[in-house]
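Asker: Once you know that position 68 of the sequence shown is 67 in numbering that gives the first Met the number 0, the rest is easy, because the numbers rise by one and skip nothing.
By construction, the Cβ of each residue, glycine as well, lies at the ideal position given by its N, Cα and C atoms.
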Amino acid sequence: MSIFNMTIHELHSALKGKQISSLEATSAMLERIEAVEPHIGSFITVTSEQALAAAKSADQLIARGECDLLTGIPLAIKDIFLTEGIRTTCGSRILHNFIPPYSATSWEKLRDRGAVLLGKLNQDEFAMGSSNESSAYGVTRNPWDTTCIPGGSSGGSAAAVAARQATATLGTDTGGSIRQPASHCGCVGLKPTYGRVSRYGVIAYASSLDQVGPLTRDVTDCAVMLGALAGHDPKDSTSVDTPVPNYSAALPQGVKGLRIGLPKEYFIDGLDPDVQKAMNAAIETYRRLGAEFVDISLPHTDYAVATYYLIATAEASSNLARYDGVRFGHRAEADGLLEMYTRSRSEGFGSEVKRRIMLGTYALSSGYYDAYYVKAQKVRTLIMNDFISAFANVDVMLTPVAPTPAFKIGEKINDPLQMYLSDIFTIPVNLAGTCAMSIPAGFSASGLPIGLQLIGKPFGEETILRAGFAFEQATEWHTRKATI
Ligand code: GLN
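1. Tell me whether R178 is buried or exposed, calling it buried when 16 or more other Cβ atoms sit within 10 Å of its Cβ.
2. Hey, is S350 close to ligand 1, as in C-beta under 6 Å from one of its heavy atoms?
3. Taking T58 as the reference, give the member of A75, S47 and A24 with the closest Cα.
4. Helix, strand or coil: which one does DSSP assign to T312?
5. Near Y340, which residues of its chain fall below 7 Å by C-beta distance, leaving aside the five closest residues on each side in sequence?
6. Using the Cα positions of S130 and M357, report the straight-line distance between them to the nearest angstrom.
7. Alpha carbon to alpha carbon, what distance is there between P251 and K456?
8. Using a Cβ-based criterion (distance less than 6 Å to any ligand heavy atom), does A181 qualify as near ligand 1?
9. On the CB-based measure, 16 or more other CB atoms within 10 Å of its CB, does A181 come out buried or exposed?
10. Could you give the first and the last residue of the continuous alpha helix (DSSP H) run that contains S156?
11. Taking A481 as the reference, which of F458, Q452 and G446 has the closest Cα?
12. Exposed or buried, which one is Y136 when buried takes at least 16 other CB atoms within 10 Å?
13. Which residue or residues does DSSP assign as beta-bridge partners of F42?
14. Among residues of its own chain, excluding the 5 on either side of K353, which ones have a beta-carbon nearer than 7 Å to its beta-carbon?
15. Going by DSSP, which residues form a beta bridge with Q210?
16. For G455, which beta-bridge partners are listed by DSSP?
17. On the three-state DSSP scale, how would you describe R326?
18. Grab the span of the beta strand (DSSP E) containing D294 for me, first residue to last.
19. Do you know how far the Cα of L29 is from the Cα of V138?
20. Pick out the complete alpha helix (DSSP H) segments inside the stretch 224-256, 4 residues or longer, and give them in chain order.
21. Can you round the beta-carbon distance between F442 and I148 to whole angstroms, since I take them to be within the 8 Å contact cut?
22. Once you ignore the five residues that flank F468 on each side, which residues in its own chain have a CB closer than 6 Å to its CB?
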């Protein structure tokens, strides 16, 4: 098998058994990146030299018999994660020259276990978008059909896995940004519970929603990555100090007797028929495996997108105030301080980011704060309560990830509302703060991947991973590869 097609667990066995060295694996990956990049555009920065050096160090560890599951595995991460000494742009022109003085905890955890960094992946600017089209570094293309978007905002992270440019990747999910691109690119993507993974050193978009998570080729790899990432970090006060279970050990437990909820608000008339078909087939598969289905309701679902776009933009307007041309990033030439601020921000931010800052500033302004921001917070509580009540009767929920498969590049970019609506099934999970995963569950008539969303209780990652694994064992969607 080609090295670039391998999963983490397959490559790990080959490294441990000394059939391949990390240097060989990393070089093969770098060649693959070079060959595929002109068609896909997943990367903003490729760190070839550092990757080869890290691979050599990993080989020394392996020679000494120290071969952790991630030792020598070539990974790539979204350009939202700070990486010491390596340019970090967050997809924005305003950070085109920003070299961070320290690294994100999540990346350090992988690196400390011997993982090799291949580079930094393309994304929507400041993670605002669902198509990767708001990046200042060009659009990433979907490896299954290069006229389509890969999803967003972690579009580069999903495309790199699907185009086999990295063994696995890291993304972030504020309103669906791991799950939606994973669904559109046919990979596994998991958004952990709020507080499960440290966000120290992750450029903030909407701090009450942002979470870090893995994108992988299969559920086994997802469990390995989550195990490496999860845990309390004293540097992130929102990370929770609760034990990290052995996710890999939970996988083979099966779904017999598992109660799966089907929220009626997620199976709407406007659902694409191919997506509906894939969901029906998945429900049949789970039935065959012994799971029980329960009809449930999440009655405030209709308000989720509006609530999200008040809370996320309010938090973004505050988080993005720090890009003022003074301490880091782009600084415009100007006569006075005020003009320097204005010009730096006008030149540095793209139009979607400006739209969000204006919306958020408006929602927080005096006179409108109670009518918009406070009201959105109250509705958020109702949405959370929907999940709490529904989870009293079920162990997991099964829903589509997105209402349609990947759309065409350019199709929604001039209609922000249409773009925002593509996240209707992922956004409520972030508002509720719980965990969810996208797994491959079929293909559209035109050959585009379709993902299935499994939503778990807070800190119920083991259950969604085990349900995902059972589905994967019973189907072969995850084994299909884009012909790129
Ligand atoms: N598409 C949503 C947004 O634009 C979600 C993005 C995300 O999860 N980072 O805000």
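Answerer: This is what the structure gives:
1. By the neighbour-count rule (16 or more Cβ atoms within 10 Å), R178 is buried.
2. No, ligand 1 has no heavy atom inside 6 Å of this Cβ.
3. What sits at residue 58 in the sequence shown is Asp, not Thr. Comparing alpha carbon positions, the residue from A75, S47 and A24 closest to D58 is A24.
4. Three-state result, T312: helix.
5. Only D323 and G324 meet the Cβ criterion.
6. Within the model, the alpha-carbon separation for S130 versus M357 is close to 21 Å.
7. Answer to the nearest angstrom: the Cα atoms are 19 Å apart.
8. Flag unset: Cβ of A181 not near ligand 1.
9. A buried status is given to A181, since no fewer than 16 other beta-carbon atoms sit within 10 Å of its beta-carbon.
10. Its alpha helix (DSSP H) spans residues G154 to A161.
11. It is G446.
12. It is buried - the Cβ of Y136 has at least 16 other Cβ atoms within 10 Å.
13. L120, per the DSSP bridge assignment.
14. Here the set comprises nothing.
15. Listed as beta-bridge partners of Q210 by DSSP are D172.
16. DSSP output for G455 lists V395 and C434 as bridge partner(s).
17. For R326, the three-state secondary structure derived from DSSP is coil.
18. E291 to I295 is the span of the beta strand (DSSP E), which, as asked, contains D294.
19. Distance between the alpha carbons of V138 and L29: 21 Å.
20. Scanning the stretch 224-256 for uninterrupted alpha helix (DSSP H) segments of 4 residues or longer gives 246-249, listed from N- to C-terminal end.
21. Between F442 and I148, the beta carbon gap of about 17 Å keeps them out of contact (Cβ cut-off 8 Å).
22. Within the same chain, F468 has close Cβ partners V218 and L250.
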